[in-house]
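Okay, structure coming up:
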C-alpha cells in the first residue's frame, strides 16, 4: 500500500469517537479509516494521567500495527492528558480534539467568555484553558467536569424533555450560564448527542463540538504533508474494540449517525 | 505467618466492595484484610463475560500473592460472571455475594415474588434467578439492570430528595413494583448507599444487601475450615488499587462508613 492510501487511525475509549468519525466521513469520504474503541477499559474520564498515558500508548501501537498514516485521538480525555507524551513517543502525525476546538472557540467568542464541559480528567488537565489563554489571554474560561453525562448518553438519555438529563445538565451548566459565556466547548466526544438539550438550556450560546474542529485540522495536516488519498472511491472503514463487539455494533449507530454494518473485530491489546 | 492469621482477600472493580468490608469489620473484627480495587478497569458491569473472567483472574492472583487464606468476591458482576470459573482455577475458598443474598431472599420472601437489581452483566448472567429458583422453584424473579446507579452513587447522588436519583430509580423499580415483590435484592455492592431512597420508593419491601449475607457465609466457611484468626487484637486492613489511590482514599469513606486512613497503594496488575 502506498503512503497516501494508508488508513487514518482513530481511537477513543469507546463509542464517543464515532462522532468524530461521522465528521471524517463527511469531509474525507475517500480516506480509509481504522477505528479502535478500548471498550475493555472504558471510560478514561475518571482515571489518572499515568493510566491514561499507558492506555493511549497501547491504543496508538495497535493502530500503527495497521500501518496508519496519521492518528486522530478522538477522545478529549486521552488527548488532554496524553497527547504531548504520545507526540514524543511516536513518529506519526497525531491530531487531537482539544486544540482545534479551543482555537475555534477563541476565534469565535465575542465577549471572551468561554465555557468548557468535559470529563473530570479533561477538566483537571486544564488543556482547554491553556490553549484558549495562549490565543486570547484576556479570555475567561469556565470549565465544569460533567461525569454523569457519558453514562446518561450511553443509556440513550440525551434528548430534550428527558427530565433526568435536563436536571443533571442544568446543574452542570449553571456556572457557565452565571459567567455569561457566549461560547461553549462540548469537550467530550459523547456530547454532540446532547446538542439539542444543551441548546435548549443555553439558548443563544454558540456550541462547539470537538469533532468538527478536529476534522478541519486533520484535512489541513494531510494536505500539508501531501498525504491525502487520491482515490475517488469511497474509503473503507474497519472497527476494532477490546471488548463486547456486538454491543459496539448495536449502540455505535447513534454516535456515527448510520447503522454499523460489517464486522466489528475484538482484539486484546 | 501461620494458616489462621493469614489475611482474607477481598476484591471489587472499585469502591463498591468496601460496603462488604464494612460488614466484615463488624462481624470479623480480628481478621486481617487485604482489599484490592481494580480502579484502572472499573466498571465491570457493562463488560463481557470473557473480559470479566480475565480481570477477576488477575485480581485473585494479586490477592494470592499476598498469601490470603480465603477470597471474597465483593463484586456482584465478577461473582455472577466468573466465580464458577475461578473456583476451577484456584485452590482457595472463594466466597461470593450472589449466592448468600439469593439464599437469604429465597428464605425470607413470603409471597415468593423477588426482585433483583444489578449491573447489566449481573442481570444478563441470570445468576440470582438461578440460585433462587433452585431453592424455590415456584418463585417469580423480576430482574432489572440499572446501569446508571453506580455512576450516580459515585457522584454522591444517592440520598432521598435527590430528584435525579429518585427519578432514575422510579423507572428502574417500576417492573418490580408492578410484579408485587415483597423482597428486593440489592445486587451490586454500590447499592447499600441507596437503601434509604429505595426504601422510600418501595415502602414495606424487604431489602437485602449482598454484603450482609456474604459476611455470614464467610464466617461459616472460616469456621468449617477452622481458619478463624484466634487473635484478640483488631485486625489490620491494607488497601491496594490499580489507579488513582488518592481518589479511592477520598471517596472510599462513604462506602466503608469511616475515614480511610493509612496508605492506599497503587499497583499495576
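Residue numbers (the working numbering), protein chains in the order written: chain V, 1 to 269; chain F, 1001 to 1269. The C-beta atom is built at its ideal place from N, Cα and C for all residues, glycine as well.
Buried is the label assigned to residue 1105 (chain F), since at least 16 other Cβ atoms lie within 10 Å of its Cβ. Interface annotation for the region 1134–1150 of chain F against chain V: 1147, 1148 and 1150, criterion Cβ-Cβ distance under 9 Å. For the pair residue 1143 (chain F) and residue 1248 (chain F), the Cα-to-Cα distance works out to about 30 Å. Only buried fits residue 252 (chain V), as 16 or more other CB atoms lie within 10 angstroms of its CB. Approximately 4 Å separates the beta-carbon atoms of residue 1039 (chain F) and residue 1243 (chain F); this is inside 8 Å, confirming the contact. Under the 9 Å criterion on CB atoms, residue 1243 (chain F) is classed as interfacial with respect to chain V.
In the DSSP secondary-structure assignment, residue 186 (chain V) is bridged to V:117 and V:209.
The three-state reading of DSSP puts residue 1097 (chain F) in coil, since its state is none of H, G, I, E or B.
Under the three-state reduction of DSSP, residue 261 (chain V) is assigned to coil, being neither helix nor strand. Proximity of residue 222 (chain V) to chain F, defined by a Cβ-Cβ separation below 9 Å, is not satisfied.
CA-to-CA, the gap between residue 11 (chain V) and residue 206 (chain V) works out to about 27 Å. For residue 1238 (chain F), the enclosing beta strand (DSSP E) starts and ends at 1237–1241. The beta carbon of residue 1167 (chain F) falls within 9 Å of a beta carbon belonging to chain V, placing the residue at that interface. The alpha-carbon separation between residue 1129 (chain F) and residue 42 (chain V) amounts to approximately 28 Å. Listed in chain order, the positions of the region 12–41 of chain V with a beta carbon within less than 9 Å of a beta carbon of chain F are 39, 40 and 41. Neighbourhood of residue 164 (chain V) in chain F, by CB distance below 7 Å: 1164, 1167 and 1168, in chain order. Among the residues facing chain F, residue 48 (chain V) is included, as its CB has a counterpart in that chain under 9 Å away. The CB of residue 265 (chain V) never comes closer than 8 Å to any CB in chain F; the least such distance is about 14 Å.
Within the region 1048–1072 of chain F, 1048 and 1051 place their CB atoms closer than 7 Å to a CB of chain V, listed in sequence order. Bounds of the alpha helix (DSSP H) holding residue 196 (chain V) are 195–201. In this structure, residue 1066 (chain F) and residue 1017 (chain F) do not form a Cβ contact; the two beta carbons are roughly 16 Å apart against a cut-off of 8 Å. Scanning the region 1025–1089 of chain F for uninterrupted alpha helix (DSSP H) segments of 4 residues or longer gives 1049–1064 and 1076–1089, listed from N- to C-terminal end.
Taking a beta-carbon distance threshold of 9 Å, residue 193 (chain V) does not count as an interface residue toward chain F. A Cβ of chain F is located within less than 9 Å of the beta carbon of residue 152 (chain V). The beta carbon of residue 1258 (chain F) sits no closer than 9 Å to any beta carbon of chain V.
Using a CB distance cut-off of 9 Å, residue 1155 (chain F) counts as an interface residue toward chain V. Residue 19 (chain V) is positioned such that its CB atom lies closer than 9 Å to that of residue 192 (chain V). The shortest C-alpha to C-alpha distance from residue 1146 (chain F) to any of F:1211, F:1202, F:1168 and F:1132 is the one to F:1168. Here DSSP, grouped into helix, strand and coil, assigns residue 266 (chain V) to strand. DSSP places residue 1158 (chain F) outside both helix and strand once states are collapsed to three, so it counts as coil. Residue-level contact by beta carbon fails for residue 130 (chain V) and chain F, as no gap is shorter than 9 Å. By the neighbour-count criterion, in which a residue is buried when 16 or more other Cβ atoms sit within 10 angstroms of its Cβ, residue 47 (chain V) is buried. Note on geometry: alpha-carbon atoms of residue 1073 (chain F) and residue 1149 (chain F) lie some 20 Å from one another.
Residue contact with chain V for residue 1006 (chain F): absent (no Cβ-Cβ distance below 9 Å to any residue of chain V). Going by beta carbons, residue 1114 (chain F) and residue 1089 (chain F) fall outside the 9 Å limit. Chain F places a beta carbon closer than 9 Å to that of residue 247 (chain V), counting this residue as a contact.
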